[in-house]
Amino acid sequence: MDLEKLQTALEELRQPAYRFKQIKLAVYRDLKDGFGSIDNIPLTLRNELDHRMPFNELVLRTERRSVDGSVKAVFGTLDDAAIESVLIPYGDGTRTVCVSTEAGCQLNCSFCATGHLGFKRVLTQLEIVEQVLYFARDLKSKGERVTNVVFMGEGEPFLNYDNVKNAILLLNDKDGFNLGQRRISVSTSGGLSALRPRTGRSTWLSRYMLPSTVCVPS
Ligand code: SF4
1 MDLEKLQTAL
11 EELRQPAYRF
21 KQIKLAVYRD
31 LKDGFGSIDN
41 IPLTLRNELD
51 HRMPFNELVL
61 RTERRSVDGS
71 VKAVFGTLDD
81 AAIESVLIPY
91 GDGTRTVCVS
101 TEAGCQLNCS
111 FCATGHLGFK
121 RVLTQLEIVE
131 QVLYFARDLK
141 SKGERVTNVV
151 FMGEGEPFLN
161 YDNVKNAILL
171 LNDKDGFNLG
181 QRRISVSTSG
191 GLSALRPRTG
201 RSTWLSRYML
211 PSTVCVPS
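Counting from 1, one number per residue, gives the positions in the sequence shown under our numbering.
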């Protein structure tokens, strides 16, 4: 859910200030799947918000579940781009979601099928976070939770730096999804170096480090 749109809608509807946090917690901590299921706000407000703004920016198109418990989902964006995400369960109880950061990819690594498919656009903060929320809701129904997120799907995360950083901050937000920074890993093909000219040599890496673990190929 777009929290800026939510704030604006609540102000226009002259709602008390506490409503914002109430709804944010319902979405990102309690993992509600629609305005209709946020049952601690008035029904009239649920209906009004439903009318004013989308709850989700992604729509599930297909899903494949494997016998080992892994799940591959294809989502459609509001402008009809397709993106893939995967849930990978491990025997130790770890539940890792692998997210995409672009529809397609700006790079074209020789070994990668995504690269050969071309590039449509970068994904927004919400489109990245909603991939995680989808699996989190699914796991919650089984009494489980997402324990790790890896930025290792379609796209080079450092070529979509601002949206990736904001997605990590939202996943890490203590008043929301509250996933620890050490549980979030960003894998780069080397796109990190593309940012180098934007700042001085000595500061470029520290400036662009993300609040997460960054895996850079040697
Ligand atoms: S950066 Fe990643 S998604 Fe893009 S072409 Fe290379 S391996 Fe594939």
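For every residue, glycine included, the Cβ atom is placed at its ideal position computed from N, Cα and C.
Small disclaimer: the values here were computed from a predicted structure and weren't measured.
Which of helix, strand or coil does DSSP assign to residue i?
i	result
G104	strand
G76	strand
A82	strand
Q15	coil
G190	coil
N178	coil
Bridge partners of residue i, per DSSP?
i	result
P89	R95
T213	S185
With residue i as the anchor, note down where its alpha helix (DSSP H) starts and where it stops.
i	result
R46	L43 to R52
L170	Y161 to N172
Q22	Y18 to Y28
Q7	L3 to E12
What first and last residue would you give for the beta strand (DSSP E) that runs through residue i?
i	result
R64	V59 to R65
I38	I38 -> no beta strand (DSSP E), and no H or E assigned at all.
**Message:** Within 8 Å, do at least three Cβ pairs link the stretch 107 to 116 to the stretch 67 to 82?
**Reply:** no
**Item:** Inside the stretch 105 to 161 only - alpha helix (DSSP H) runs reaching at least 4 residues
**Value:** Within the stretch 105 to 161, the runs of alpha helix (DSSP H) at least 4 residues long that lie entirely inside it are, in chain order, 113 to 117 and 125 to 140.
**Request:** Would you check if the stretch 23 to 36 and the stretch 95 to 105 touch, i.e. whether three or more CB-CB distances between them fall below 8 Å?
**Result:** no
**Request:** Evaluate contact between the stretch 156 to 163 and the stretch 110 to 130, counting only Cβ atoms and requiring at least three cross-stretch pairs below 8 Å.
**Result:** yes
**Touching by the beta-carbon criterion (3+ pairs, under 8 Å), the stretch 133 to 145 and the stretch 70 to 90** = yes
**Three CB pairs or more closer than 8 Å across the stretch 141 to 155 and the stretch 175 to 191** = yes
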